[in-house]
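Since the structure comes first, as structure tokens, the remarks are kept for the end.
2 protein chains.
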Amino acid sequence: MAFDTPEAAEDAYYDALEAGDLDALIAIWDTGDDVACALPMAPLATGHGEVTATWQKALAALGPIDLQTRHIRWIHAGDMAIHLVEEMAPAPPGHPVPPGIYATNVYRRFDSGWHMVLHQNSPMPPPPGFSPPGAPGEPPRP
Amino acid sequence: MAFDTPEAAEDAYYDALEAGDLDALIAIWDTGDDVACALPMAPLATGHGEVTATWQKALAALGPIDLQTRHIRWIHAGDMAIHLVEEMAPAPPGHPVPPGIYATNVYRRFDSGWHMVLHQNSPMPPPPGFSPPGAPGEPPRP
């Protein structure tokens, strides 16, 4: 897949997650060794092979992932673009809406167009009184 | 502070943390509204004022922060440079070494030299059997 802008690559990324489409998701990534992907509480994946494997596991475990996103910052300079967003998952049945997750998405322009080269998630602090399903107790310390 | 390379800015960043020197730390950041800083379990700070305030609180609460770093990926293109590192804090007395934390550091070249524009931390999965001090129980779900 070739994308003319980093925004088009990002739209395709969240569309592929919503569809649970591994092939479409992986086609957005650069195919080199310099890519890296840090999903919540999963081992860091570096290089195209590990990134493909980590998404294969995540989609197999979770199915399609319908995330709403809230724009926080775009930084765009030359052949690099960085988007900091908040990702919000729907509430599990009978549970309150979980806290959002911060995501940094880094895109780079290659001869073939824009591709994702880095994705990092990190948890937000939970709101007061929130207990995630299956994991009551106080939040982990930094 | 002016830095000729993103590597020099990063060295100064970890030196300032180790010294607990807020002024030196803040001088590394760009002074604009597009900066953002996501520390573990802290509200996201956006813009120079919030980033200054979040570091002021963190240093007041924690004192000097002596992190060892392990290089994972540098991506450098034109006026942007991104470093993905593992940050390792020393073990608290009587406790095992805590799991490392992934950090993405984004630097941008301005007329005044290289400055930090984004810092994001995210926790690594704890090793089997690890219980952080004061927070026993299973790790939070993604």
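Here the protein sequences come in this chain order: A and B. Residue numbers are given in the working numbering: position 128 of the first sequence equals residue 128, and the series is strictly consecutive. Residue numbers are given in the working numbering: position 136 of the second sequence equals residue 1136, and the series is strictly consecutive. Just so you know, even glycine gets a beta-carbon here, dropped at the ideal spot from N, CA and C.
Is residue i buried or exposed, if buried means 16 or more other CB atoms sit within 10 Å of its CB?
i                  : result
Val1097 of chain B : exposed
Gln1120 of chain B : buried
Ser1112 of chain B : exposed
Arg70 of chain A   : exposed
Leu118 of chain A  : buried
Leu1084 of chain B : buried
Glu1010 of chain B : buried
Gly1030 of chain B : The question names Gly, but residue 1030 of chain B in the sequence shown is Asp. Classification of Asp1030 of chain B: buried, given that the 10 Å Cβ count is 16 or more.
Asp15 of chain A   : exposed
Ala135 of chain A  : Below a pLDDT of 50, predicted positions are generally treated as unreliable, and Ala135 of chain A, at 40, falls in that range; no measurement from the model is reported.
Less than 6 Å between C-beta atoms, sequence neighbours within five positions excluded: which residues of the same chain meet that for residue i?
i                  : result
Thr46 of chain A   : Ala36
Ala1038 of chain B : Leu1044, Gln1120
Ser1122 of chain B : Tyr1102
Pro40 of chain A   : Asn121
Trp74 of chain A   : His83
Leu59 of chain A   : Gly20, Leu22
Tyr13 of chain A   : Ile28
So who's on the other strand from residue i, going by DSSP bridges?
i                  : result
Trp1029 of chain B : B:Met1116
Tyr1102 of chain B : B:Glu1086, B:Ser1122
Trp1074 of chain B : B:His1083
Tyr107 of chain A  : A:Ala81, A:Met116
Thr1046 of chain B : B:Ala1036
Thr1069 of chain B : B:Glu1087
Work out the CA separation of residue j and residue i for me, nearest whole Å.
i                  : j                  : result
Val106 of chain A  : Ile1082 of chain B : 9 Å
Ile26 of chain A   : Pro1092 of chain B : 41 Å
Pro6 of chain A    : Trp1114 of chain B : 23 Å
Arg141 of chain A  : Asp1079 of chain B : Unreliable positioning characterises Arg141 of chain A in this predicted model, as indicated by a pLDDT of 46, which lies under 50. The coordinate reading is nonetheless provided below. The straight-line gap from Cα to Cα measures roughly 35 Å.
Thr17 of chain A   : Gly49 of chain A   : Note that residue 17 of chain A is Leu in the sequence shown, not Thr. Rounded to the nearest angstrom, the two C-alpha atoms are 18 Å apart.
Gln1068 of chain B : Met1088 of chain B : 5 Å
Asp1066 of chain B : Ala1053 of chain B : 20 Å
Ala1002 of chain B : Asp1023 of chain B : 14 Å
Thr104 of chain A  : Leu62 of chain A   : 21 Å
Asp34 of chain A   : Val1051 of chain B : 29 Å
Lys57 of chain A   : Ala42 of chain A   : 10 Å
Gly1032 of chain B : Ala8 of chain A    : 26 Å
Met116 of chain A  : Met1116 of chain B : 21 Å
What is the C-beta distance between residue i and residue j, in whole angstroms, given that I count them as a contact (C-beta under 8 Å)?
i                : j                : result
Gly20 of chain A : Pro90 of chain A : Not really, about 14 Å apart at Cβ, beyond 8 Å.
Going along the chain, which residues of its own chain have a beta-carbon closer than 8 Å to the beta-carbon of residue i, five neighbours each way excluded?
i                  : result
Asp4 of chain A    : Gly113, Trp114
Met1124 of chain B : Glu1086, Pro1099, Gly1100, Ile1101, Tyr1102
His1076 of chain B : Pro1006, Ile1082
Ignore the nearest five residues each way along the sequence and tell me which others in residue i's own chain have a CB closer than 7 Å to its CB.
i                  : result
Ile1072 of chain B : Leu1084, Val1085, Glu1086
Trp1055 of chain B : Leu1022, Leu1025, Ile1026
Arg109 of chain A  : Asp79
Less than 7 Å separating the Cβ of residue i from some heavy atom of the ligand SAM?
i                : result
Trp29 of chain A : As for the ligand SAM, it is missing from this structure, which has no ligand bound.
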